[in-house]
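In the numbering used here, each number is its position in the sequence shown, counted from 1, plus 14. C-beta: ideal position from N, C-alpha, C; glycine also.
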Amino acid sequence: MRRKRKEQKKKIIIIAALLLLSILAGMYAVKLAGKVAEDRRAAEAEAQAEAEAAAQQEAEAAAAAEAEAEAAKKSDSIYAYSGASGDAKYSLAAYDSAVEAGAGVIAVPFVVSQDGTLYVSDDDYAQELTGYGGYFSGMTDGQINNLETRSGAKVLKLSDVIDKYGKDIHYDIELKYTSERNLMALKELIDKKDCADVVSISSRYFNGLRSLDNELPDIPKIFICSSEEEWGEAMIHEFIDSVSVSKEMMSADYCKEAHDRNKKFGAWILNSEEEINTANEIGADFYYTDEAALAAGIEKE
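Quick look at the structure:
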């Protein structure tokens with residue numbers, strides 16, 4: 015009997031030990047499961063934090079890229095006339111400044127040397143630009159290349175400007191003198207540089223634009239208008255795509271009439287905030303200015 019009780023007691027102890035082990039195993043399993051769940055939650059939180067950080071960085075990079083693109087954006091309505099006011103005009107430094115400010119078009123008047131090369135100048139008489147009392151058309155390339163502008167820069171060739179900016183910018187090339195020689199020199203340069211798609215040609219002379227329209231029909235032609243009589247004539251010529259009036263003639267009525275006749279309307283030379291605001295308010299398509307930074311700032315506002 016005593017031996018039987020000992021065996022029963024032994025079994026009870028074994029059963030109790032097994033139960034304790036089961037309880038401990040269960041507690042460990044619960045703890046282990048909790049640790050796994052905690053690790054999983056921590057990993058998920060870390061992954062989420064990394065994803066959020068990556069998304070934030072991506073958003074910041076996109077915003078920076080957008081801001082940079084906006085800052086680099088050029089306005090096709092701003093025509094940088096001579097690049098800048100003062101002695102620095104018609105220099106690469108002046109044009110660089112205008113382009114960096116936001117001008118989408120640079121206005122480039124030209125004259126032709128004795129050798130047939132196109133140089134950037136508003137007047138064939140070199141006095142105003144260089145201080146030298148001679149005519150560009152009567153000088154060789156070598157003579158012109160030895161001159162300096164009043165700001166100390168070299169006299170630019172039109173090809174220098176086109177080579178500098180390529181097709182990153184548009185050029186409004188002003189035909190100052192409408193001789194057959196000048197017309198053909200311009201056509202030859204445009205063909206050589208293959209830049210017709212980024213060029214417009216402006217002039218104060220109907221005959222010059224008409225002649226160029228025969229040679230370069232796909233290039234936009236801008237008539238520079240100074241009087242009511244010229245305005246009336248400009249409206250009837252189909253070869254004229256745009257009309258730019260003096261700032262004294264700038265008005266909503268002229269702008270509307272030009273648009274009614276499927277022509278663009280512009281004005282020159284607008285250098286004050288009031289003048290530029292007026293051009294924008296009446297719906298002008300473009301305007302010439304020496305103050306590209308001022309114009310770009312107004313347009314961004």
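Among residues of its own chain, excluding the 5 on either side of residue i, which ones have a beta-carbon nearer than 6 Å to its beta-carbon?
i, result
"aspartate 182", "none"
"isoleucine 290", "Leu284, Ala309 and Ile312"
"lysine 24", "none"
"cysteine 239", "Trp245, Ala248, Val257 and Val259"
Straight-line CA distance for residue i to residue j?
i, j, result
"glutamate 162", "lysine 168", "5 Å"
"aspartate 365", "glycine 280", "Any question about residue 365 goes unanswered here, given that the chain covers just 15 to 315."
"alanine 81", "alanine 117", "Residue confidence is low: alanine 81 scores 45 on pLDDT, short of 50, so the model does not pin down where it sits. Its coordinate-derived value is still stated next. Roughly 17 Å between the two C-alpha positions."
"glycine 126", "tyrosine 191", "Checking the displayed sequence, the identity of residue 126 turns out to be valine instead of glycine. Cα to Cα, valine 126 sits roughly 9 Å from tyrosine 191."
"alanine 102", "lysine 277", "33 Å"
"aspartate 316", "glutamate 202", "An answer regarding residue 316 cannot be provided, because it is not within the stretch 15 to 315 covered by the chain."
"threonine 303", "glycine 166", "23 Å"
"aspartate 318", "arginine 275", "Past the boundaries of the shown model lies residue 318; the chain is included only from 15 to 315, so the question cannot be answered."
"arginine 164", "alanine 140", "11 Å"
"phenylalanine 237", "serine 286", "23 Å"
"alanine 56", "glutamine 62", "10 Å"
"glutamate 262", "glutamate 244", "14 Å"
Assign residue i to buried or exposed, taking buried as 16 or more other Cβ atoms, counted over all protein chains shown, within 10 Å of its Cβ.
i, result
"isoleucine 187", "buried"
"serine 193", "exposed"
"aspartate 2", "The question about residue 2 has no answer, for the chain in this structure spans 15 to 315."
"asparagine 228", "exposed"
"proline 231", "exposed"
"alanine 83", "Because the pLDDT of alanine 83 is 47, which lies under 50, any placement of that residue in the model is unreliable, and the number read from its coordinates should be weighed accordingly. Answer is exposed; the Cβ neighbour count stays below 16."
"isoleucine 254", "buried"
"glycine 222", "buried"
"tyrosine 268", "buried"
"leucine 35", "exposed"
"alanine 306", "buried"
Can you name, in chain order, every residue of its own chain whose Cβ lies under 7 Å from the Cβ of residue i, other than the five neighbours on each side?
i, result
"alanine 79", "Because alanine 79 carries a pLDDT of 48, less than 50, the predicted location of this residue cannot be relied on, and the following value inherits that uncertainty. Cβ neighbours of alanine 79 beyond the five flanking positions: none."
"alanine 293", "Met264, Ala281, Leu284 and Tyr301"
"alanine 85", "Unreliable placement is indicated for alanine 85, whose pLDDT of 49 sits below 50; the coordinate value is still reported in the next sentence. There are no such residues."
State the beta-bridge partners of residue i as determined by DSSP.
i, result
"phenylalanine 300", "Gly280"
"alanine 121", "Tyr95 and Asp186"
"serine 89", "Ala117"
"lysine 45", "Lysine 45 pairs with nothing; no bridge assigned."
"lysine 168", "Glu162"
In chain order, what residues of the same chain lie with their CB nearer than 8 Å to the CB of residue i, ignoring the 5 residues before and after it?
i, result
"serine 89", "Gly116, Ala117, Gly118, Ala309, Ala310 and Glu313"
"arginine 154", "The sequence shown places threonine at residue 154, not arginine. Contacts found: Ser127, Gln128 and Asp129."
Is the segment 204–217 touching the segment 142–151 in the sense that three or more CB pairs, one from each, lie closer than 8 Å?
-> Touching, no, given that fewer than three Cβ pairs across the two stretches are closer than 8 Å.
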